[in-house]
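Trainee: Chain order of the listed sequences is A and B.
For the first sequence, this note's numbering begins at 1 and goes up steadily by one.
For the second sequence, this note's numbering begins at 1 and goes up steadily by one.
Even for Gly, the Cβ is constructed at its ideal location relative to N, Cα and C.
Since the model is a prediction, treat every value here as computed from it, not as a measurement.
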Amino acid sequence: MRHLFFCLLFFFVLSCVDKRKEPVASSNGEVGQTVAKSHEIDFPIYDFEGLTPLLHQTDGKTYIINFWATWCKPCVEELPYFEKVYAEQKDNDVEVILVSLDMPSMWKSRLEPFVAEKGLKSRVVILDDPKQNEWIPKIDENWGGGIPATLIYNTKKRSFFEQGFTYEELKKELHKFL
Amino acid sequence: MTMKTLKTLGILTLVFFLGAFSKTVNLTDAGYDIGDIAADFSLKNIDGTMVSLADFGNAKGFLVIFTCNTCPYAVAYEDRIIALDAKYKPLGVPVIAINPNNPAVKPGDSYAEMKVRAQEKGFTFPYVFDEGQTVYPQYGATRTPHVFLLEKTDEGNKVVYIGAIDDNYQDAALVEEKYVENAVDAMLAESEIEVKTTRAIGCSIKV
């Protein structure tokens, strides 16, 4: 009987965890509506409109937004530097958001196993919006569309980089914001 | 402050403003802009022959497409590139596909692998290798796939469109705007190309 209770409790908790993935809201309650097909995937899935609030947070923190994909070799190579900077700076009001541009067919087969295998600690979200010509210039006027690309911003300053980073370079750019 | 420093300051300010204005029209920092004349090249095709734009005496223009074997976006567009060639080669605007990647960095994009991929997909157009990665920087290609539509004019091959093939890489059936087809159609009709540059996510060129 006791086991049954724990089993039920376990499934109850699981179902709660699952709910978390639908509308993603932060403490200020306005962050991002995910698009419908998100319920089977470990990460929130946004179209550009849904992602936009994450690019304009005004909570005083500094945000590092990295655009990447599992199939992008230079992106994968620089991920450890973002993880390292996040580990070092998270108590210093720095957030890292890894925006995956993996294609829908890769979410289950590649993205989920990749994130699990690498044990990524930074927040991972998916941007699924084929209207790239519309949203790319809204992220940065000079972005041609190549990845890796990274946006660093806080309420005072905003910089965009269509390039890969070394750990030293990333740290140096971040320090201009702190 | 001497007259000389004032003068220098003035010139610096002028240069700064000129720089600021030219920046706004220049999407790619290096390489071609709309209206520039593209240089010809001589690159090795998968059949071993050398290919130049000058070889196509009857062409009215060219769809120069930087693409490769390994980038998922490039792969997603392969069938549409074949379709572009089928539609526009008879109208005098053939596709010339150029692989700009350095196989030392991306072994899947070697010359040998290019032959394999072209065979598998039945490419109907030249698929040439930018050996030494010298042509793509002249064009200012930054990613694959990256299209440059050239119009053959008396001055040379003029760049008239730069960007993506269409507005939906995921699903050809959901495409709303066929950027390249619209541009080629307008060029052939001698009317104004409405959308001259577009952007898309692609794989950065590996050098």
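1) Short check: CB of B/I98 to CB of B/D130, under 8 Å?
2) So what's A/V76 in DSSP terms, helix, strand or just coil?
3) Is B/V15 buried or exposed, if buried means 16 or more other CB atoms sit within 10 Å of its CB?
4) Would you identify the three-state DSSP class for B/S22, choosing helix, strand or coil?
5) Applying a beta-carbon distance threshold of less than 7 Å, which residues of chain B neighbour A/P74?
6) Apply the 10 Å Cβ neighbour rule to B/H146 and answer buried if 16 or more other Cβ atoms are within range, or exposed otherwise.
7) I'd like to know whether the C-beta of B/R199 is nearer than 8 Å to at least one C-beta of chain A.
8) What are the start and end residues of each continuous alpha helix (DSSP H) run of 4 or more residues lying completely inside the stretch 94-127 of chain B, in chain order?
9) Out of A/E169, A/Q57, A/K84, A/N142, which one is the CA nearest neighbour of A/G119?
10) Whose C-beta lies closer than 8 Å to the C-beta of A/K156 among residues of the same chain, with five residues either side of it excluded?
11) For A/T114, report the span of its alpha helix (DSSP H) as first-last.
12) How many whole angstroms separate the CB atoms of B/L84 and B/V95, which I take to be in contact at a CB cut-off of 8 Å?
13) Measure the C-alpha to C-alpha separation of B/K60 and A/Q57 and round it to an integer number of angstroms.
14) Could you tell me which residues DSSP pairs with A/E95 in its beta bridges?
15) Quick check on A/I147 - is its C-beta less than 8 Å from some C-beta in chain B?
16) Could you tell me whether any Cβ in chain A is nearer than 8 Å to the Cβ of B/N69?
17) Between A/Q163 and the rest of its own chain, which residues show a CB-CB distance below 6 Å, the 5 nearest in sequence each way excluded?
18) How about B/N168 and B/E113: do their beta carbons lie closer than 8 Å?
19) Do B/G31 and B/Y111 have their CB atoms nearer than 8 Å?
20) Return the bridge partner residues of A/H56 from the DSSP annotation.
21) For A/L170, which residues from the same chain have a beta carbon less than 6 Å from its beta carbon, with the 5 sequence-adjacent residues on both sides left out?
22) First and last residue of the alpha helix (DSSP H) that includes A/L170?
23) Measuring only between beta-carbons, confirm whether A/N133 sits less than 8 Å from chain B.
24) Can you have a look at A/D128 and say buried or exposed, based on whether 16 or more other CB atoms are within 10 angstroms of its CB?
25) Whole-angstrom Cβ separation of B/G163 and B/T197, contact assumed at under 8 Å?
26) Looking at the secondary structure, which residues open and close the alpha helix (DSSP H) in which B/G48 lies?
27) Can you list, in chain order, the residues of the stretch 156-174 of chain B whose Cβ is nearer than 9 Å to any Cβ on chain A?
28) Would you report the Cα separation of A/T52 and A/I136, rounded to the nearest angstrom?
29) Taking a contact to mean a Cβ-Cβ separation below 8 Å, would you say B/P126 touches B/V64 in this structure?
30) Under 6 Å Cβ to Cβ from A/G146, same chain only, skipping five residues before and after it: list those, please.
31) Check the C-beta distance from B/V159 over to B/Y88 and give it rounded, since I have them as a contact under 8 Å.
32) State the Cα-Cα distance for the pair B/I165 and B/V180, rounded to the nearest angstrom.
33) In whole angstroms, give me the CA-to-CA distance for A/D70 and A/E134.
34) If we cut at 8 Å on Cβ distances, does A/W107 have a partner in chain B?
35) Can you check which of these residues, B/G48, B/E151, B/L174, is closest to B/S191 by C-alpha distance?
36) With 7 Å as the limit, tell me which residues of the stretch 67-91 of chain A have their beta carbon closer than that to any beta carbon of chain B; keep them in chain order.
Mentor: Judging by the given coordinates:
1) Counted from its first residue, the second sequence places residue 98 of chain B at position 98. Counted from its first residue, the second sequence places residue 130 of chain B at position 130. Contact flag set, yes.
2) For the purposes of this step, residue 76 of chain A is identified with residue 76 of the first sequence, where counting begins at 1. A/V76 falls in the helix class under three-state DSSP.
3) Against the second sequence, residue 15 of chain B aligns to sequence position 15. With a pLDDT of 47 at B/V15, under the threshold of 50, the modelled position of this residue cannot be trusted; read the value that follows with caution. In this structure B/V15 is exposed. Its beta-carbon is surrounded by fewer than 16 other beta-carbon atoms within 10 angstroms.
4) Stepping through the second sequence from its first residue, residue 22 of chain B is reached at position 22. The pLDDT assigned to B/S22 is 38, lower than 50, so where the model puts this residue is not dependable; a value taken from the coordinates is nonetheless given after this. B/S22: helix per DSSP, three-state reduction.
5) Here residue 74 of chain A is taken as the residue at index 74 of the first sequence, counted from 1. Near A/P74 (Cβ distances below 7 Å), the residues of chain B are S204.
6) Walking along the second sequence from the start, residue 146 of chain B turns up at place 146. Around the beta-carbon of B/H146, 16 or more other beta-carbon atoms lie within 10 Å, marking it buried.
7) Within the second sequence, the letter at position 199 stands for residue 199 of chain B. Interface residue, yes.
8) 111-121
9) Residue mapping note: residue 119 of chain A aligns to position 119 of the first sequence, counting from 1. Looking at A/E169, A/Q57, A/K84, A/N142, the one whose alpha-carbon comes closest to that of A/G119 is A/K84.
10) Your numbering for residue 156 of chain A matches position 156 in the first sequence. Answer for A/K156: F177, listed in chain order.
11) Taking the first residue of the first sequence as 1, we reach residue 114 of chain A at position 114. Note on identity: in this sequence residue 114 of chain A is Phe, with Thr being the wrong assignment. Note, A/F114: alpha helix (DSSP H), 112-118.
12) Here residue 84 of chain B is taken as the residue at index 84 of the second sequence, counted from 1. Here residue 95 of chain B is taken as the residue at index 95 of the second sequence, counted from 1. Yes, they are in contact, since the Cβ atoms of B/L84 and B/V95 sit about 6 Å apart, within 8 Å.
13) Taking the first residue of the second sequence as 1, we reach residue 60 of chain B at position 60. Taking the first residue of the first sequence as 1, we reach residue 57 of chain A at position 57. Going from the Cα of B/K60 to the Cα of A/Q57 covers about 50 Å.
14) For the purposes of this step, residue 95 of chain A is taken as residue 95 along the first sequence, with counting starting at 1. Residue pairing by DSSP puts A/E95 in a beta bridge opposite A/Y63.
15) In the first sequence, counting from the first residue as 1, residue 147 of chain A sits at position 147. It does; some Cβ of chain B falls within 8 Å.
16) For this step, residue 69 of chain B is matched to residue 69 along the second sequence. No, B/N69 does not count as interfacial toward chain A.
17) For the purposes of this step, residue 163 of chain A is taken as residue 163 along the first sequence, with counting starting at 1. No residues qualify anywhere along the chain.
18) As a position in the second sequence, residue 168 of chain B is number 168, starting the count at 1. As a position in the second sequence, residue 113 of chain B is number 113, starting the count at 1. For B/N168 and B/E113, no; Cβs fall outside 8 Å.
19) Indexing the second sequence from 1 puts residue 31 of chain B at position 31. Indexing the second sequence from 1 puts residue 111 of chain B at position 111. No, Cβ-Cβ distance for B/G31 and B/Y111 is not below 8 Å.
20) Position 56 of the first sequence, counted from the first residue, corresponds to residue 56 of chain A. According to DSSP, which records beta bridges pairwise, A/H56 is partnered with nothing at all.
21) Position 170 of the first sequence, counted from the start, is the residue given in the question as residue 170 of chain A. Result list for A/L170: Y81, V85, in chain order.
22) Along the first sequence, read from residue 1 onward, the residue named residue 170 of chain A stands at position 170. From DSSP, the alpha helix (DSSP H) with A/L170 extends over 167-175.
23) Taking the first residue of the first sequence as 1, we reach residue 133 of chain A at position 133. Output row for A/N133: interface = yes.
24) For the purposes of this step, residue 128 of chain A is taken as the residue at position 128 of the first sequence. Looking at its Cβ environment, which holds 16 or more other Cβ atoms inside 10 Å, A/D128 is buried.
25) Counted from its first residue, the second sequence places residue 163 of chain B at position 163. Counted from its first residue, the second sequence places residue 197 of chain B at position 197. Yes, B/G163 and B/T197 are in contact; Cβ-Cβ is about 5 Å, under 8 Å.
26) For the purposes of this step, residue 48 of chain B is identified with residue 48 of the second sequence, where counting begins at 1. No alpha helix (DSSP H) holds B/G48; DSSP gives it neither H nor E.
27) G163, A164, D167, N168, Y169, Q170, D171, L174
28) Counting from one through the first sequence, the residue named residue 52 of chain A turns up at place 52. Counting from one through the first sequence, the residue named residue 136 of chain A turns up at place 136. Whole-angstrom Cα-Cα distance: 12 Å.
29) Taking the second sequence and counting its residues from 1, the one referred to as residue 126 of chain B is at position 126. Taking the second sequence and counting its residues from 1, the one referred to as residue 64 of chain B is at position 64. In this structure, B/V64 does not lie closer than 8 Å to B/P126 by Cβ.
30) Walking along the first sequence from the start, residue 146 of chain A turns up at place 146. Here the set comprises E162.
31) Taking the first residue of the second sequence as position 1, residue 159 of chain B is located at position 159. Taking the first residue of the second sequence as position 1, residue 88 of chain B is located at position 88. B/V159 to B/Y88, Cβ: 17 Å. No contact.
32) For the purposes of this step, residue 165 of chain B is identified with residue 165 of the second sequence, where counting begins at 1. For the purposes of this step, residue 180 of chain B is identified with residue 180 of the second sequence, where counting begins at 1. Cα to Cα, the separation comes out at about 5 Å.
33) Within the first sequence, the letter at position 70 stands for residue 70 of chain A. Within the first sequence, the letter at position 134 stands for residue 134 of chain A. For the record, residue 70 of chain A in the displayed sequence is Thr; it is not Asp. Taking the straight line from one Cα to the other gives about 23 Å.
34) Along the first sequence, read from residue 1 onward, the residue named residue 107 of chain A stands at position 107. Not an interface residue.
35) Your numbering for residue 191 of chain B matches position 191 in the second sequence. When each option's Cα is compared against that of B/S191, the closest is B/E151.
36) W71, C72, P74
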